[in-house]
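Engineer: Following this message is one structure expressed as structure tokens.
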Amino acid sequence: GQNIDQPTEMTATEGAIVQINCTYQTSGFNGLFWYQQHAGEAPTFLSYNVLDGLEEKGRFSSFLSRSKGYSYLLLKELQMKDSASYLCAVRIRNAGNMLTFGGGTRLMVKP
Amino acid sequence: DVKVTQSSRYLVKRTGEKVFLECVQDMDHENMFWYRQDPGLGLRLIYFSYDVKMKEKGDIPEGYSVSREKKERFSLILESASTNQTSMYLCASSSQYIPSEAFFGQGTRLTVV
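Those protein sequence lines, which keep their order, are chains P and A.
Just so we're aligned: the first sequence equals residues 1273 to 1383 in my numbering.
Just so we're aligned: the second sequence equals residues 11 to 123 in my numbering.
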């Protein structure tokens, strides 16, 4: 089976940096995604890692270590609008590249 | 602009009814997914399909079935709705061959009374 773990909730201050961790135990790993989801809305894509290392995209960066089954999402210069849930998802190499999600991390940004 | 469209934003159904949730994508994607999302439980995969008429069970298929007769359409069926199926249902699609992200529909909030 697949197991993906993230912290349930985090709180950070506007302007600060926050790191959201994700650990996974899967067979057939074929890439890791991070999504952002505001309350009442559909998830939207943030980043994708398939090789080890850091992917940077503006204020958001994502890191992957396949040997450790570990990823993190780094958010810099936090803004109030970054208050949302952040979902870690792993793509599994099978008949159709199934996508399975962790429970999500609810981030609250305070002034 | 890529698009995944779910037929209803809100639905209220009675216990025991047969419920159809429809999802259509216009990106010619091979993969389509149905998830349900509940507070504290994240997105849980119900079923996914990687081709027309092909389907695989996800983590929580009990009480659900699916149909994929055409590439662009993936239907989720609740054979006999129960109150514990009250949830937000999200459909998504992705390419099987290009390593791109999955795109989500806007969600259907189903209440079973």
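Yeah, the Cβ is synthetic: ideal placement off N, Cα and C, and Gly gets one too.
Chain A beta carbons: is any one of them nearer than 8 Å to that of LEU1304 of chain P?
Structural biologist: Within the first sequence, numbered from 1, the residue matching residue 1304 of chain P stands at position 32. Against chain A, the CB of LEU1304 of chain P has no partner CB under 8 Å away; the residue lies outside that interface.
Engineer: Can you tell me where the beta strand (DSSP E) holding SER142 of chain A begins and where it ends?
Structural biologist: The first residue shown for chain A is 11 and the last is 123, placing residue 142 of chain A beyond what the model contains.
Engineer: Out of A:THR25, A:GLY73, A:ARG54, A:ALA91, which has the shortest C-alpha to C-alpha gap to CYS101 of chain A?
Structural biologist: For the purposes of this step, residue 101 of chain A is taken as residue 91 along the second sequence, with counting starting at 1. If we check each option's Cα against that of CYS101 of chain A, A:ARG54 comes out closest.
Engineer: Find the residues of chain P that neighbour ASN41 of chain A, judging by a C-beta separation of less than 9 Å, and give them in chain order.
Structural biologist: What you label residue 41 of chain A is simply residue 31 of the second sequence in a count that begins at 1. Result: GLY1368, ASN1369, MET1370, LEU1371.
Engineer: State the Cα-Cα distance for the pair SER110 of chain A and GLY1303 of chain P, rounded to the nearest angstrom.
Structural biologist: The residue given as residue 110 of chain A occupies position 100 in the second sequence. The residue given as residue 1303 of chain P occupies position 31 in the first sequence. Whole-angstrom Cα-Cα distance: 10 Å.
Engineer: Show which residues of chain P have a CB atom less than 7 Å away from the CB atom of LEU51 of chain A.
Structural biologist: If you number the second sequence from 1, residue 51 of chain A lands on position 41. Ordered by position in chain P, the residues that pass the 7 Å Cβ test against LEU51 of chain A are GLY1375.
Engineer: What in chain A is Cβ-close to ALA1314 of chain P, meaning under 7 Å?
Structural biologist: Taking the first sequence and counting its residues from 1, one reaches residue 1314 of chain P at position 42. Ordered by position in chain A, the residues that pass the 7 Å Cβ test against ALA1314 of chain P are LEU100, PHE114, GLY115, GLN116, GLY117.
Engineer: Counting only runs that start and end within the region 35 to 95 of chain A, where is the beta strand (DSSP E) found for 3 or more residues in a row?
Structural biologist: 41 to 48, 52 to 61, 64 to 67, 74 to 80, 83 to 88
Engineer: Just confirm the distance between the C-beta atoms of VAL58 of chain A and MET42 of chain A, as a whole number of angstroms; I'd bet it's less than 8 Å.
Structural biologist: Position 48 of the second sequence holds residue 58 of chain A. Position 32 of the second sequence holds residue 42 of chain A. For the sequence presented, residue 58 of chain A should be read as Phe rather than Val. Yes, they are in contact, since the Cβ atoms of PHE58 of chain A and MET42 of chain A sit about 7 Å apart, within 8 Å.
Engineer: What are the start and end residues of the beta strand (DSSP E) that includes ILE1364 of chain P?
Structural biologist: As a working note, residue 1364 of chain P is residue 92 in the first sequence. Element bounds for ILE1364 of chain P: 1356 to 1364.
Engineer: Please report whether the beta-carbon of PHE1301 of chain P lies at a distance below 8 Å from any beta-carbon of chain A.
Structural biologist: Your numbering for residue 1301 of chain P matches position 29 in the first sequence. PHE1301 of chain P does not count as touching chain A.
Engineer: Compute the distance between the beta-carbons of ALA91 of chain A and SER104 of chain A, then report whether it is under 8 Å.
Structural biologist: The count along the second sequence starts at 1 and reaches residue 91 of chain A at position 81. The count along the second sequence starts at 1 and reaches residue 104 of chain A at position 94. No, the Cβ-Cβ distance between ALA91 of chain A and SER104 of chain A is not below 8 Å.
Engineer: I'd like to check one pair, THR1283 of chain P with LYS1353 of chain P: are the Cβ atoms closer than 8 Å?
Structural biologist: Numbered from 1 along the first sequence, position 81 holds the residue referred to as residue 1353 of chain P. Numbered from 1 along the first sequence, position 11 holds the residue referred to as residue 1283 of chain P. In this structure, THR1283 of chain P does not lie closer than 8 Å to LYS1353 of chain P by Cβ.
Engineer: Tell me the DSSP secondary structure of LYS1340 of chain P in three-state form.
Structural biologist: In the first sequence, counting from the first residue as 1, residue 1340 of chain P sits at position 68. Coil, per DSSP.
Engineer: Would PHE58 of chain A count as contacting chain P if we go by Cβ distances under 8 Å?
Structural biologist: The residue labelled residue 58 of chain A in the question sits at position 48 within the second sequence. Yes, its Cβ sits closer than 8 Å to a Cβ of chain P.
Engineer: Going by the DSSP bridge assignment, what does TYR1296 of chain P pair with across the sheet?
Structural biologist: As a first step, residue 1296 of chain P is located in the first sequence; it is residue number 24 there, counting from the start. Partner(s): P:ILE1276.
Engineer: Please classify ASN1366 of chain P as buried or exposed, where buried requires at least 16 neighbouring CB atoms within 10 angstroms.
Structural biologist: On the first sequence, residue 1366 of chain P is found 94 positions in, with the first residue counted as 1. The residue is exposed, with fewer than 16 neighbouring Cβ atoms inside 10 Å.
Engineer: Is the Cβ of GLN1296 of chain P closer than 8 Å to any Cβ of chain A?
Structural biologist: In the first sequence, counting from the first residue as 1, residue 1296 of chain P sits at position 24. Here residue 1296 of chain P turns out to be Tyr, not Gln, going by the sequence shown. TYR1296 of chain P does not count as touching chain A.
Engineer: Does the CB of TYR1344 of chain P have a neighbour CB from chain A at under 8 Å?
Structural biologist: The residue given as residue 1344 of chain P occupies position 72 in the first sequence. So, not an interface residue.
Engineer: CB THR118 of chain A to CB LEU21 of chain A, shorter than 8 Å?
Structural biologist: Reading the second sequence from its first residue, position 108 is the one you call residue 118 of chain A. Reading the second sequence from its first residue, position 11 is the one you call residue 21 of chain A. In this structure, LEU21 of chain A lies closer than 8 Å to THR118 of chain A by Cβ.
Engineer: Quick one: Cα of GLN1274 of chain P to Cα of THR1372 of chain P, how far?
Structural biologist: Here residue 1274 of chain P is taken as the residue at index 2 of the first sequence, counted from 1. Here residue 1372 of chain P is taken as the residue at index 100 of the first sequence, counted from 1. So the two alpha carbons sit approximately 8 Å from each other.
Engineer: Does the beta-carbon of GLN16 of chain A have 16 or more other beta-carbons within 10 angstroms, so that it is buried, or is it exposed?
Structural biologist: Here residue 16 of chain A refers to the residue found at position 6 when the second sequence is read from its first residue. Its Cβ being crowded by 16 or more others within 10 Å, GLN16 of chain A is buried.
Engineer: From P:ILE1364, P:VAL1362, P:VAL1290, pick the residue whose C-alpha is nearest to that of GLN1351 of chain P; which is it?
Structural biologist: Mapped onto the first sequence, residue 1351 of chain P falls at position 79. Among P:ILE1364, P:VAL1362, P:VAL1290, the Cα nearest to that of GLN1351 of chain P belongs to P:VAL1290.
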